[in-house]
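Protein chains: 2
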Amino acid sequence: MSLLVVGSIAFDSVKTPYGEVTDALGGSAVYFAYAASFFTPVRIVGVVGEDFPEEYLADLGRRNVDTTGVRRTPGRTFRWKGLYQGAMNEAETLEVQLNVLGEFDGTLPDAFVDSDYVFLANGPPAMQHAVVDQVKHAKLIVADTMNHWIRDTRDELETLLARVDGVVMNEGEVRQYTGEENLPRAGRKLLEEGPRFVVVKKGEHGALLVTGDEFFAVPAFPTADVSDPTGAGDSFAGGMMGHLARVDDASTTELKRALLYATVVASINVEGFSLDRFKSITPDDVERRYEQFRNMLSF
Amino acid sequence: MSLLVVGSIAFDSVKTPYGEVTDALGGSAVYFAYAASFFTPVRIVGVVGEDFPEEYLADLGRRNVDTTGVRRTPGRTFRWKGLYQGAMNEAETLEVQLNVLGEFDGTLPDAFVDSDYVFLANGPPAMQHAVVDQVKHAKLIVADTMNHWIRDTRDELETLLARVDGVVMNEGEVRQYTGEENLPRAGRKLLEEGPRFVVVKKGEHGALLVTGDEFFAVPAFPTADVSDPTGAGDSFAGGMMGHLARVDDASTTELKRALLYATVVASINVEGFSLDRFKSITPDDVERRYEQFRNMLSF
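Those protein sequences? They're chains P and Y, same order as listed.
Position 197 (the first sequence) corresponds to 190 in the numbering used here; numbering is contiguous.
Position 55 (the second sequence) corresponds to 48 in the numbering used here; numbering is contiguous.
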C-alpha cells in the first residue's frame, strides 16, 4: 500500500558525547522515509532550498522513495543545530534557521492524493490539516507534534486529533497535552480526542501503545552503542508506518508488531550520525534484529 | 524453598498528591515479606523498638511470615518521612530517625542460617556481609543497595557484589555505581563485579534483566491508580524472590517470569498507602493480574 510522509528536510548540525556533524542530511521526513524504505516504497513531501544537493534526492530515489513531492524553492534549506549530553534523552536546541521551510504549506502532487497510509510528521497543525484535506481516501492517518504547537496552537491541534487515526508523541508532549502525569491515564485522555490509538515514545525507556481496550509496551532495544539520537522518533514512526503499509493492516495485532519494528529501526539509526547507519544496512539486517528482539522479549 | 529477607522495619510518614499517612507500617523487609508471602513462606529478620505493636507481627505471622527473627530492642522503631510529587518517580526524604535500626547487625536466629533463598534489602554493606557470612548453604543471594552506600562505602559494596548471585538496583544507582549512562552497558559492567544477573528497576518505566548472555525488559504494569510508590522496589523484589523460591529455580527462564510477577505485585502495592492493598488481596488476585500482564505483553 502507498505510504506518504509530509515533513521537514533539513541540514542538521549535531554534537553528542560521541562526535559531531555539521550540515548533515536530516529532517523528520527524511528519517521517516529512510526508515520506512526498508519495508515498502515511500512518497516524501517537503521543501528544500537551492543549496540542497541533487545527489541526496537521487539517493532517496534509489531506495524506492518517490521524491517528486520535494519542492525546490529559492533560498536556503531548513537548518537545525542541537546538542545531546549525559543520557542523551533530550536534545538541547542551539539554533533553528527556518529558511524555506517557513513557506511550506503541505500541498501534495496530484499523484500523491490517493495515498493509503499517511504520516504527518511534526509541523504546524494548519499545514497538517491541509494534508488531511487532500488525502481523501487514506486508510490510516497518523500525526506527530511538538511542544510548541501544543502550547501555541492548541485549538488547531485538537481539531486535528479528531481527524486522525493515531498519534505518535513523546512522553513529555503527552503529559503536556493532557496535563496528566500518569501515562496510561494520559493515553486514555488522548483517545477521547478522537484517535483510535496513541503511541507514546519514551526514548531509552521504549514505547507504549494505548488503544480503547488494549495496552502494550515495548522496551528500547538494548543497543550499547548510541552515538546520536537525532531522528530516533521519526525513524521509529517510519518503521511503524512502513510495517503497517507493507502488511496493509492496522489492527492492534499488527500495531504491536509495528512497534517492535519501529523500535528496531530506531535502535539502528541511533548507532550512527545522520543517516549513516541506514545507508549501510539492508532489509535483512532489520529482520535479523527484529528476530533477536522478539526472542529477547519472549518469556 | 525457604526464603529469608533481612532489612528494615519502619514507621513511614508519607505524603503524595493522593493522600498522606503518618507512622504507617513500612520498611524494606516488611514490604518484601508481604509481597513474597503471596508465593511462599517467608522468614523476616529486622529490629523494632518498644513502640512497635505486637499486632503487626501477629498479622505477618498469619500470612506465613516467620517473625522469630524480629528483635525487639529498647528505644523507638526506625522512622522515615517522605514526599512524592508530580510523576512520583522519586521520593524526597524529609526526615530519617534511625533509632533502633542503628544497632542492627544482621545476626540471624540459628533456625534461619539454613535459608535457601536470601534477599539482602538495602542496608549497610557491612551488615549485608555479616548475613552472607551466616547463610552458608544459600542457593541464591540477591542484594539491593542505595545511593549513600555507593558513595560512602564503595569498597565494602564491591566485595559484597563478588559474594552475591544477583543485584536489584534502581537505574539511578546503577548509573551512579558504574559511571555509565547507557543502562545495557552499565548492567554489563556490574556483572563484571561478580553477580550472575542484574535487575535494574526503572519505576514507571519497568525493569531490565541483564545476564551474561541475555537481556530482558518488562514495562511497568499500566495501573492508572498510583496512590503511593513507597515500598514499590521492595515489593518488586519480594515478588521476584517469592516466585524464584516457590519454583526453586533461578534460571534465566524463571528470572524472566519472576520479573513479571515482581512487576505485578509492585503495581498492586502502589495502588494504596502502606500495606493496605496487600492486606486486601489474595494470591488469586496476583495470578489474575499476572495473566492479564502476560496477555498484554504477547504479540
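Glycine included, C-beta positions come from ideal geometry on N, C-alpha and C.
Candidates the options, of which the one nearest residue i by Cα
i	options	result
Leu50 of chain Y	Y:Ala26, Y:Pro67 and Y:Phe31	Y:Ala26
Val219 of chain Y	Y:Gly231, Y:Leu201 and Y:Val258	Y:Val258
Leu53 of chain P	P:Phe286, P:Lys272 and P:Gln285	P:Lys272
Gly116 of chain Y	Y:Leu91, Y:Gly42, Y:Thr223 and Y:Pro102	Y:Leu91
Tyr112 of chain Y	Y:Ala230, Y:Met120 and Y:Asn288	Just to set this straight, residue 112 of chain Y is Phe in the shown sequence, not Tyr. Here the closest residue by C-alpha is Y:Ala230.
Thr60 of chain P	P:Ala136, P:Met233, P:Leu(-3) and P:Phe190	P:Leu(-3)
Gly199 of chain P	P:Glu186, P:Thr216, P:Asp126 and P:Arg270	P:Thr216
Ala210 of chain Y	P:Gln127, P:Arg287 and P:Gly226	P:Arg287
Arg64 of chain Y	Y:Met81, Y:Tyr77, Y:Ile37 and Y:Glu83	Y:Ile37
Gly232 of chain P	P:Leu253, P:Asp242 and P:Asp241	P:Leu253
Ser6 of chain Y	Y:Leu153, Y:Gly0, Y:Leu18 and Y:Ser(-5)	Y:Leu18
Asn262 of chain Y	Y:Val240, Y:Phe292, Y:Ser291 and Y:Thr223	Y:Thr223
Asp371 of chain P	P:Gln127, P:Val(-1), P:Ala131 and P:Pro118	For chain P, the structure presents residues -6 to 292; residue 371 of chain P sits outside this window and is missing.
Ser108 of chain P	P:Asp269, P:Ala225 and P:Val(-1)	P:Val(-1)
Asp98 of chain P	P:Val125, P:Ala84 and P:Gly20	P:Val125
Ser267 of chain P	P:Lys8, P:Ser(-5) and P:Met(-6)	P:Lys8
Leu153 of chain Y	Y:Gly180, Y:Ala119, Y:Ile274 and Y:Met162	Y:Ala119
Gly205 of chain P	P:Glu197, P:Pro10 and P:Val191	P:Val191
Gly95 of chain P	P:Val40, P:Thr146 and P:Pro46	P:Val40
Tyr11 of chain Y	Y:Met81, Y:Met162 and Y:Ile274	Y:Met81
His122 of chain P	P:Gly235, P:Arg281 and P:Thr100	P:Thr100
Gly20 of chain P	P:Ser228, P:Val161, P:Gln285 and P:Glu186	P:Ser228
His130 of chain Y	Y:Asp145, Y:Phe105 and Y:Arg147	Y:Phe105
Glu13 of chain P	P:Ala155, P:Glu284 and P:Tyr77	P:Tyr77
Residues that DSSP places opposite residue i in a beta bridge
i	result
Thr9 of chain P	P:Gly12
Gly75 of chain Y	Y:Val7 and Y:Thr86
Tyr27 of chain P	Beta-bridge pairing links Tyr27 of chain P to no other residue.
Arg36 of chain Y	Y:Leu(-3) and Y:Asp59
Ile134 of chain P	P:Val111
Leu18 of chain P	P:Phe4
Val193 of chain P	P:Met162 and P:Leu201
Arg303 of chain Y	This structure does not reach residue 303 of chain Y, given that chain Y is present from -6 up to 292, and the question cannot be answered.
Same chain, Cβ closer than 7 Å to residue i, neighbours up to 5 away in sequence not counted
i	result
Gly79 of chain P	none
Ile143 of chain Y	Leu150, Glu166, Gln169 and Tyr170
Gly42 of chain Y	Thr66, Gly68, Arg69, Thr70, Asn92 and Val93
Glu88 of chain P	Lys74
Leu176 of chain P	Glu164, Val167, Val193 and Leu201
Glu207 of chain P	Thr245
Arg270 of chain Y	Ile261, Asn262 and Glu264
Ala179 of chain P	Val167, Arg168, Thr171 and Glu173
Arg250 of chain P	His236
Met234 of chain Y	Leu(-4), Ala29, Tyr110, Phe112 and Val135
Residues near residue i in its chain [Cβ-Cβ closer than 6 Å; skip 5 each side]
i	result
Phe31 of chain P	Pro276 and Val279
Thr86 of chain Y	Gly75
Lys195 of chain P	Glu164
Val157 of chain P	Ile134, Ala136 and Pro188
Val23 of chain P	Ile2
Phe4 of chain P	Asp16, Thr70 and Arg72
Ser260 of chain Y	Phe214 and Thr216
Asn57 of chain P	Ser30 and Pro34
Gly265 of chain P	Ser220
Gly226 of chain P	Lys194
Lys182 of chain P	Thr171 and Glu173
Ser(-5) of chain P	Ser108 and Asp109
Run of the alpha helix (DSSP H) containing residue i, from where it starts to where it stops
i	result
Gly205 of chain P	Premise fails: Gly205 of chain P is in no alpha helix (DSSP H) and is neither H nor E.
Val240 of chain P	Ala225 to Val240
Glu247 of chain P	Thr245 to Asn262
Thr146 of chain Y	Segment: none, Thr146 of chain Y is in no alpha helix (DSSP H) and carries neither H nor E.
Gly180 of chain P	Leu176 to Leu184
Ala213 of chain Y	No alpha helix (DSSP H) contains Ala213 of chain Y, which DSSP labels as neither H nor E.
Pro188 of chain Y	Note, Pro188 of chain Y: premise wrong, no alpha helix (DSSP H); not H, not E.
Met289 of chain P	Pro276 to Leu290
Asp126 of chain P	Pro118 to Gln127
Arg156 of chain P	Element bounds for Arg156 of chain P: n/a, residue is neither H nor E.
Phe271 of chain P	Asp269 to Ser273
Same chain, Cβ closer than 8 Å to residue i, five either side skipped, listed in chain order
i	result
Leu290 of chain Y	Val211, Pro212 and Leu253
Ala114 of chain Y	Val(-2), Val(-1), Gly0, Ser1, Ser21, Ala22, Phe25, Asp137, Asp227 and Ala230
* chain Y contacts from the stretch 222 to 254 of chain P (Cβ-Cβ distance under 9 Å) -> Thr246, Lys249, Arg250, Leu252 and Leu253
* Near-chain P residues of the stretch 173 to 204 of chain Y - C-beta to any C-beta below 9 Å -> Glu174, Asn175, Leu176, Pro177, Arg178, Gly180, Arg181, Lys195, Glu197, His198, Gly199, Leu201 and Val203
* **Chain-ordered residues of the stretch 110 to 134 of chain Y with a beta carbon less than 7 Å from chain P** => none
* Anything in the stretch 72 to 106 of chain Y with a Cβ closer than 8 Å to a Cβ of chain P? List those residues in chain order, please. => Gly79, Ala80 and Met81
* To do: Check distances from the C-beta atoms of the stretch 249 to 283 of chain P to those of chain Y and list, in chain order, the residues that come in under 9 Å.
  => Lys249, Arg250, Leu252 and Leu253
* Asked: Taking Cβ-Cβ distances below 7 Å as the criterion, which residues of the stretch 26 to 42 of chain P are in contact with chain Y?
  -> none
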